[in-house]
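Asker:
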Amino acid sequence: MGSETKHQTGTESALIERSRQGDLEAFDSLVQIHQDRIYNLSLRLLGNEEDALDLAQEAFCAAFRKMGSFRGEAAFFSWLYRITVNLAKNFWRKSAQRVSDRSVPLEPANSENEREYAPPIPNGAPNPRQQAAGHELRAILDEKMNELSFDFRTILTLRFMEGLSYEEIAETLGCNTGTVKSRLNRARNELRDLMEPYL
Amino acid sequence: MVEDEEMKNCENIVNLLEGYLAGTLAEAQRAEVESHLAECERCRKEMRLFDALRQTPTVPAPPILRRNVMERLRAEKTCHKVRIFDKVLSLFRFRFFVWGAAAAVIIFSVVIGIQLLSPRYYIGTYIPDTYRLPSNKQEDMIATDRTALFRDEARAPELETFAERALRRDADREAGSALNILNRFNASKIKQVRKIAKPAETFYSFEISVEDLKRFETAIKNTNIRIVKQQMIVASADSDSDAKAHKEGAKNLFYQADEESNRLGVAWKRKDAPALLTAPESVGARVADTVPTLGGAAGSLSPQSSSNLKSAEVQVADERTTPIVRGAESKSKMIQGTPSRKSGGDRYYQVEIGIRDQP
Chain A
1 MGSETKHQTG TESALIERSR QGDLEAFDSL VQIHQDRIYN LSLRLLGNEE DALDLAQEAF
61 CAAFRKMGSF RGEAAFFSWL YRITVNLAKN FWRKSAQRVS DRSVPLEPAN SENEREYAPP
121 IPNGAPNPRQ QAAGHELRAI LDEKMNELSF DFRTILTLRF MEGLSYEEIA ETLGCNTGTV
181 KSRLNRARNE LRDLMEPYL
Chain B
1001 MVEDEEMKNC ENIVNLLEGY LAGTLAEAQR AEVESHLAEC ERCRKEMRLF DALRQTPTVP
1061 APPILRRNVM ERLRAEKTCH KVRIFDKVLS LFRFRFFVWG AAAAVIIFSV VIGIQLLSPR
1121 YYIGTYIPDT YRLPSNKQED MIATDRTALF RDEARAPELE TFAERALRRD ADREAGSALN
1181 ILNRFNASKI KQVRKIAKPA ETFYSFEISV EDLKRFETAI KNTNIRIVKQ QMIVASADSD
1241 SDAKAHKEGA KNLFYQADEE SNRLGVAWKR KDAPALLTAP ESVGARVADT VPTLGGAAGS
1301 LSPQSSSNLK SAEVQVADER TTPIVRGAES KSKMIQGTPS RKSGGDRYYQ VEIGIRDQP
């Protein structure tokens, strides 16, 4: 209990303890506290609302099932993040598979229409429609984030979007802070290269 | 060297950019960053990237998220309880199954054991001792019942066994032969049928009564019949009571089946001779018809004289009818042979003949 109070408030610690005993009402309160963060993390990791909702649901359900294994060594939200990230990897794989399935051309690229539906050229100029929207950089960033590897996207999300410290990221990803820093550096460099034409 | 220095400087600035954008830098650091950004296009791009990353909007979770989570968890909790219940139940079911199977095996073994060990049961069909096939084939007696010559409907259910059906089939066939002989030689008795199985031959044995033995012996030459045993009997010389009985028999004693009575409980009623004399044939026919149903030997019941019927001999093999018929049997003995005897004893031969299975 002592370690729990180090990371959680007294109310949250009590809710966690009750949830560990199988109290669904207590867990409902924990969901209420953390649902926005978990949903947004899911949204940023997967890039679409439908998958994000599924991932967040899965993450909370998995958390309840694993409540017995939560010992309070880390913050509860780090623990939730860790579950979410681990599940997200599977979601991302399936999602990538779906995208890959969808992108298989049914006919040879010899018609006029084919050019219209061709995927955007990575190093091409920004879409004029996106530029006109006013949030073009943000939109392009979302698009380019999806081109990164899952690990890079995750670490950039945790650091810059979720605002986690190196230590918290290390806790979430189950690695040390040195790994976090180096991976973060590489991820940022890759993203910068992708974003270079739009910055 | 100048480029390396610039790169190092840029790295320092990039590391400060987060703090710069968050507004957490000290004044000196903020000024340093701003002056660098004014000159360095690369770091300005870096800053715009940081800024774009930080500007990621946060959206509230849709209400359905929490609702779905709680619904799923509640359902899972119920399922979990059901699963535990099912596990316990299946454990019990498994145990019941094991115990049930064990009990079934034990019961089955006991039943089979009883079947195998009991001498009175053969494939679940009761065979009375009288009809069980003995293991000794030197002289197998498969029927000692005189009524085996005739269809015994009263005992049919009891005798319906494989062995008995075979016996009856053979007995009927051989009985036909025997009755032909009896008719030819006026032999009036068939006491028993035996099947004698020897290594060289199998034959059926009948005990019959023959008055003229020599004529009989001549008749059976070149047939499948041979005499196994013979014994001369002098009936009338047995006792004074027989002689007395003859007289009583002459005094109108006879027995008649009461057809309205219960089959086994048939009462044999004494009637006076005049009534019999008025319709001798019909009475004789009724007696002859009735006795086989009692297990009696009808062959010995035929009226000894159709024109002067005064007696009928009744032999009943079925012990259940004996108490009723015993009196009749003794009476019939008393008047045995009356029509043919005027006085003195009657001499005849008790002959056991054998009829070979294969002529």
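Taken in sequence, the protein lines are chains A and B. Take 1 as the starting number for the first sequence in my numbering and just add one per residue. Take 1001 as the starting number for the second sequence in my numbering and just add one per residue. Quick reminder that beta carbons are idealized off the backbone N, C-alpha and C, glycines included.
(1) Taking all protein chains shown into account, decide if Val1110/B is buried (16 or more other Cβ within 10 angstroms of its Cβ) or exposed.
(2) Can you tell which of Leu194/A, Asn189/A, Tyr198/A has the C-alpha that lies nearest to the C-alpha of Val1014/B?
(3) Got a sec, what are the start and stop residues for the alpha helix (DSSP H) Gly68/A sits in?
(4) Along the stretch 21-38 of chain A, where does the CB come closer than 8 Å to a CB of chain B? Name the residues.
(5) Confirm, please, whether the CB-CB distance from Phe150/A to Lys89/A is below 8 Å.
(6) In its own chain, which residues sit with a C-beta less than 6 Å from the C-beta of Gly1265/B, not counting the 5 before and 5 after it?
(7) List the endpoints of the continuous alpha helix (DSSP H) containing Tyr166/A.
(8) Thinking C-alpha only, which one of Ala63/A, Asp51/A, Gly68/A is nearest Ser78/A?
(9) For chain B, check one thing: does any of its Cβ atoms lie closer than 8 Å to the Cβ of Arg44/A?
(10) Please list, in chain order, the residues of the stretch 57-81 of chain A that have any C-beta partner in chain B closer than 7 Å.
(11) Just to confirm my understanding: we take Glu171/A, look at its own chain, exclude 5 residues before and 5 after, and list those with CB closer than 6 Å. What are they?
(12) Let me check understanding here. Comparing Cα to Cα, which of Ala96/A, Phe91/A, Ser29/A, Gln21/A lies closest to Phe70/A?
(13) By the 8 Å beta-carbon criterion, what residues does the stretch 131-164 of chain A contribute toward chain B?
(14) Contact criterion: CB-CB distance below 8 Å. Does Asn40/A meet it with respect to chain B?
(15) Say yes only if the C-beta of Glu168/A is nearer than 7 Å to one or more non-hydrogen atoms of the ligand FMN, and no if none qualify.
(16) Using a 10 Å radius around the Cβ and a threshold of 16 neighbouring Cβ atoms, would you call Ser1135/B buried or exposed?
(17) Kindly list, in the order they appear in chain B, the residues whose Cβ is closer than 8 Å to that of Arg192/A.
(18) So, Leu1065/B versus Tyr39/A, is the Cβ gap smaller than 8 Å?
(19) Phe27/A to Lys144/A, Cα distance in whole Å?
(20) Whose C-beta lies closer than 8 Å to the C-beta of Leu156/A among residues of the same chain, with five residues either side of it excluded?
(21) Check for me: the alpha helix (DSSP H) holding Gln32/A runs from which residue to which?
(22) Report yes or no: is there a C-beta of chain A within less than 8 Å of the C-beta of Thr1078/B?
(23) Kindly indicate which residue of Asn1009/B, Pro1060/B, Val1069/B, Thr1058/B has the alpha-carbon position closest to the one of Ser1035/B.
(24) Going by beta carbon distance, what residues of the same chain come within less than 7 Å of Glu58/A, once the five residues before and after it are set aside?
(25) In chain A, which residues lie less than 8 Å from Gln1055/B when you measure between Cβ atoms?
(26) Please work out which residues of its chain come closer than 8 Å, Cβ to Cβ, to Gly68/A, disregarding the five sequence neighbours upstream and downstream, and give them in chain order.
(27) Expressed to the nearest angstrom, what Euclidean distance is found between the alpha-carbon atoms of Thr84/A and Ala1101/B?
(28) Show which residues of chain B have a CB atom less than 8 Å away from the CB atom of Glu196/A.
(29) Is the Cβ of Met1007/B closer than 8 Å to any Cβ of chain A?
(30) Give me the Cα-Cα distance between Tyr198/A and Glu162/A, rounded to the nearest whole angstrom.
(31) Under 8 Å between the Cβ atoms of Thr154/A and Leu45/A?
(32) Chain A partners of Ala1038/B, CB-CB under 7 Å?
(33) Nearest chain B C-beta to Leu87/A closer than 8 Å, yes or no?
(34) Which of helix, strand or coil does DSSP assign to Asn176/A?
Answerer: Answer, in terms of the structure:
(1) exposed
(2) Asn189/A
(3) In the DSSP assignment, Gly68/A falls outside any alpha helix (DSSP H) and carries neither an H nor an E.
(4) Gly22, Leu24, Phe27, Asp28, Val31, Gln32, Gln35, Asp36, Ile38
(5) yes
(6) Reliability fails at Gly1265/B, whose pLDDT of 28 lies under 50, so the model's placement of it is uncertain and no value is given.
(7) 166-173
(8) Ala63/A
(9) For Arg44/A, the answer is yes, since a Cβ of chain B falls inside 8 Å of its Cβ.
(10) The stretch 57-81 of chain A vs chain B, Cβ under 7 Å: Gln57, Phe60, Cys61, Phe64.
(11) Around Glu171/A: Ala74, Ser78.
(12) Gln21/A
(13) Leu137, Arg138, Leu141, Leu156, Phe160, Met161
(14) Interface residue, yes.
(15) Absence of the ligand FMN from the depicted structure is noted, as is the absence of any ligand whatsoever, leaving it without description.
(16) Unreliable placement is indicated for Ser1135/B, whose pLDDT of 35 sits below 50; the coordinate value is still reported in the next sentence. Classification for Ser1135/B: exposed.
(17) Lys1045, Glu1046, Leu1049
(18) Cβ atoms of Leu1065/B and Tyr39/A: closer than 8 Å.
(19) If I take the Cα positions, the gap works out to 36 Å.
(20) Within its own chain, the residues whose Cβ lies closer than 8 Å to the Cβ of Leu156/A, once the five positions on either side in sequence are excluded, are Met145, Leu148, Leu184, Ala187, Arg188, Leu191, listed in chain order.
(21) 24-46
(22) Interface criterion not met: the Cβ of Thr1078/B is under 8 Å from no Cβ in chain A.
(23) Looking from the CA of Ser1035/B, the closest CA among Asn1009/B, Pro1060/B, Val1069/B, Thr1058/B belongs to Asn1009/B.
(24) By the criterion of a C-beta distance shorter than 7 Å, Glu58/A is surrounded in its chain by Leu87, once the five residues flanking it on both sides are discounted.
(25) Within 8 Å Cβ-Cβ: Arg138.
(26) Arg20
(27) 51 Å
(28) Lys1045
(29) no
(30) 23 Å
(31) Yes. Within cutoff.
(32) Those within 7 Å of Ala1038/B in chain A number zero; the least Cβ separation is about 16 Å.
(33) no
(34) Correct three-state label for Asn176/A: coil.
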